[in-house]
Amino acid sequence: MTANEQTQIDIVAHLLNIKPIWLENVMWIESRLNPQAVNKVSGATGLIQFMPATARALGTTTDELRAMDFAEQMQYVYLYLKPYAGKMQSQVDVYLAVFFPSAIGKANSFVLQTNKLSAQLIAQQNPAYDLNKDKQITKGEVAEAITRILQKKK
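According to our numbering, the sequence shown is numbered sequentially starting from 263.
Here is the structure:
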């Protein structure tokens, strides 16, 4: 990571009132800090793996995001995370803002699911987070999984 990229992370983290390392870690998990990273299955793109619908909601496209450099894309990272400012109190909260925002602030026993997405489907699509293989993912499992992932960052 360049000094300029670190500065961009520091600025956005300050604006969001979160620790810069939390933001850096989320982007490392999602893209290894590569603004051109693409998930071939979902089409998610960029530093925080913007989904196509999310990109559109932010007034851009995944193609446009992929063409941006780190600093340009950080503006969209900020726009995406801004609604969660004040709610993100930990590393896991910042990660959940990207992965499953409705789990922010919930207990570790909270099961990731919505009216439209069953716990079983979410676990099937994200098996690395279903640590006990019970076909559902809890906030606590996400916290443990990202801790394990970040141990490999060093």
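Glycine is no exception: its CB is placed at the ideal position from the N, C-alpha and C atoms.
It should be emphasised that the depicted structure is a prediction, and the values quoted were computed from it without experimental measurement.
Check	Outcome
Contained alpha helix (DSSP H) runs [length at least 4] in the region 313–339, N- to C-terminal order	314–319, 324–329
Whole-angstrom C-beta distance between V356 and T400, which should lie under 8 Å	Not really, about 18 Å apart at Cβ, beyond 8 Å.
Beta-carbon contacts of A319 that lie in its chain and below 7 Å, excluding the five residues immediately before and after	none
Contacts around I291, its chain only, beta-carbon distance under 8 Å, and the 5 residues preceding and following it disregarded	Y357, I408, I411, L412
Span separating the alpha-carbon of Q270 from that of L309	12 Å
Local Cβ density within 10 Å of V268, reported as buried at 16 or more and exposed below that	The displayed chain sequence assigns Gln, not Val, to residue 268. Looking at its Cβ environment, which holds fewer than 16 other Cβ atoms inside 10 Å, Q268 is exposed.
Same chain, Cβ closer than 6 Å to V300, five either side skipped, listed in chain order	T307
Contacts around L278, its chain only, beta-carbon distance under 8 Å, and the 5 residues preceding and following it disregarded	L285, Y340, L343, K344, Y346, A347, M350
DSSP three-state assignment for T307, whether helix, strand or coil	strand
Among A381, E406, Q382, Q387, nearest to L393 - alpha-carbon criterion	E406
Beta-ladder partner(s) of V373, from DSSP	T400
Beta bridge counterpart(s) of V300 as assigned by DSSP	T307
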